[in-house]
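Down below is the structure, laid out as structure tokens.
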């Protein structure tokens, strides 16, 4: 039962353009969402998060948007840089819960 | 100075063997985790310990046994290895025990069962 879905396994974007990574979830109890970034041969590292009381959170070039009614969130990277090439995982949790549920990841490739 | 380290990085072994993966964190965190990333790239929680107490125990075969000798270490022992155990295993740690506490991951251990 895949409660967090990233339907695009891969995405290629030109350097300097906007990268948009999407994530859908099915569990209406989820109220906290995180994005992790993973380089080859390394573990995931935390990138940005958003609580369900907000619909947008920004950190430098990274912005996460949350649409609760659609059970959808997206990560925008502007402008995209070669160092952004990595696998991006979306993750979600329910309030007060100790467990994170991850999506399968989207491999982002930034083309110079 | 690695924050979360795992040994070994690669492990190749025969079916039926018993093996252990070690994890150490030097961040002073109270909570540690084991995740499994299978061939379909799902990253799934297996176990979590908070101050040496087991707090998450997902539906994992009892051939898998975590051991936390102290809050800086969480080891994973696997008995009677099967082909389906082949995966990348990630250790992680966080200060708090809730899912929104930022988790710091180790580099992973790639286990191949032949």
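Residue numbers (our numbering), protein chains in the order written: chain A, 1 to 112; chain B, 1001 to 1114. We put the beta carbon where it would ideally sit given N, CA and C, even for glycine.
### Message
For residue 102 of chain A and residue 37 of chain A, I'd like the C-alpha separation in whole angstroms.
### Response
The residue given as residue 102 of chain A occupies position 102 in the first chain. The residue given as residue 37 of chain A occupies position 37 in the first chain. Distance from the CA of residue 102 of chain A to the CA of residue 37 of chain A, rounded to the nearest whole angstrom, comes to 12 angstroms.
### Message
To the nearest angstrom, how far is the alpha carbon of residue 92 of chain A from that of residue 1076 of chain B?
### Response
Within the first chain, residue 92 of chain A is the residue found at index 92, counting from 1. Within the second chain, residue 1076 of chain B is the residue found at index 76, counting from 1. Near 25 angstroms, if we compare the C-alpha coordinates of residue 1076 of chain B and residue 92 of chain A.
#### Entry: Neighbour list for residue 1025 of chain B in chain A, Cβ cutoff strictly below 9 angstroms
Residue 1025 of chain B sits at position 25 when you count from the first residue of the second chain. By Cβ distance, chain A contributes nothing, its closest Cβ being about 12 angstroms from residue 1025 of chain B, past 9 angstroms.
### Where residue 1030 of chain B falls: helix, strand or coil (DSSP)
By 1-based counting over the second chain, the position of residue 1030 of chain B is 30. Taken through DSSP and simplified to helix, strand or coil, residue 1030 of chain B comes out as coil.
### Task
Run down chain A in chain order and give the residues with a C-beta less than 7 angstroms from the C-beta of residue 1097 of chain B.
On the second chain, position 97 is the one that residue 1097 of chain B refers to. What residue 1097 of chain B touches in chain A: 98.
### Task
Work out the CA separation of residue 1021 of chain B and residue 4 of chain A for me, nearest whole Å.
Position 4 of the first chain, counting from 1, holds the residue named residue 4 of chain A. Position 21 of the second chain, counting from 1, holds the residue named residue 1021 of chain B. Going from the Cα of residue 4 of chain A to the Cα of residue 1021 of chain B covers about 28 angstroms.
#### Entry: Per-residue contacts from residue 32 of chain A into chain B (C-beta, under 8 angstroms)
Locating residue 32 of chain A in the first chain gives position 32, counting from the first residue. Ordered by position in chain B, the residues that pass the 8 angstroms Cβ test against residue 32 of chain A are 1099, 1100.
### Task
Give a yes or no on whether the minimum CB-CB distance between residue 26 of chain A and chain B is below 9 angstroms.
As a first step, residue 26 of chain A is located in the first chain; it is residue number 26 there, counting from the start. Chain B, which has no Cβ nearer than 9 angstroms to the Cβ of residue 26 of chain A, makes this no.
### Task
Please classify residue 1101 of chain B: does DSSP put it in a helix, a strand, or coil?
Within the second chain, residue 1101 of chain B is the residue found at index 101, counting from 1. Correct three-state label for residue 1101 of chain B: coil.
### Query
Are the C-beta atoms of residue 1092 of chain B and some chain A residue less than 9 angstroms apart?
The residue labelled residue 1092 of chain B in the question sits at position 92 within the second chain. Yes, because at least one Cβ of chain A sits closer than 9 angstroms to the Cβ of residue 1092 of chain B.
### Query
Do we get a CB-CB distance below 9 angstroms when we pair residue 60 of chain A with the residues of chain B?
In the first chain, residue 60 of chain A corresponds to position 60, counting from 1. With a threshold of 9 angstroms between beta carbons, residue 60 of chain A makes no contact with chain B.
### Query
Where in the stretch 10-84 of chain A do unbroken runs of the alpha helix (DSSP H), each at least 4 residues long, occur, reported from the N-terminal end onward?
Fully enclosed alpha helix (DSSP H) runs of 4 or longer: not present.
### Task
Go ahead and label residue 1027 of chain B buried or exposed: buried means 16 or more other beta carbons lie within 10 angstroms of its beta carbon, across all protein chains shown.
Within the second chain, the letter at position 27 stands for residue 1027 of chain B. Exposed, because fewer than 16 other Cβ atoms sit within 10 Å of the Cβ of residue 1027 of chain B.
### Task
Reducing DSSP to helix, strand and coil, say where residue 1070 of chain B ends up.
Locating residue 1070 of chain B in the second chain gives position 70, where the first residue counts as 1. In the three-state DSSP reduction, residue 1070 of chain B falls in the strand class (E or B).
### Query
Roughly how many whole angstroms lie between the Cα atoms of residue 1044 of chain B and residue 1023 of chain B?
Translated into the one-based positions of the second chain, residue 1044 of chain B becomes position 44. Translated into the one-based positions of the second chain, residue 1023 of chain B becomes position 23. Whole-angstrom Cα-Cα distance: 17 angstroms.
### Query
Would you call residue 56 of chain A buried or exposed, if buried means 16 or more other Cβ atoms sit within 10 Å of its Cβ?
The count along the first chain starts at 1 and reaches residue 56 of chain A at position 56. Around the CB of residue 56 of chain A, fewer than 16 other CB atoms lie within 10 Å, so the residue is classed as exposed.
#### Entry: chain B contact for residue 109 of chain A (CB, 9 angstroms cutoff)
Taking the first residue of the first chain as 1, we reach residue 109 of chain A at position 109. Contact with chain B is absent for residue 109 of chain A, since none of that chain's Cβ atoms lies less than 9 angstroms from the residue's Cβ.
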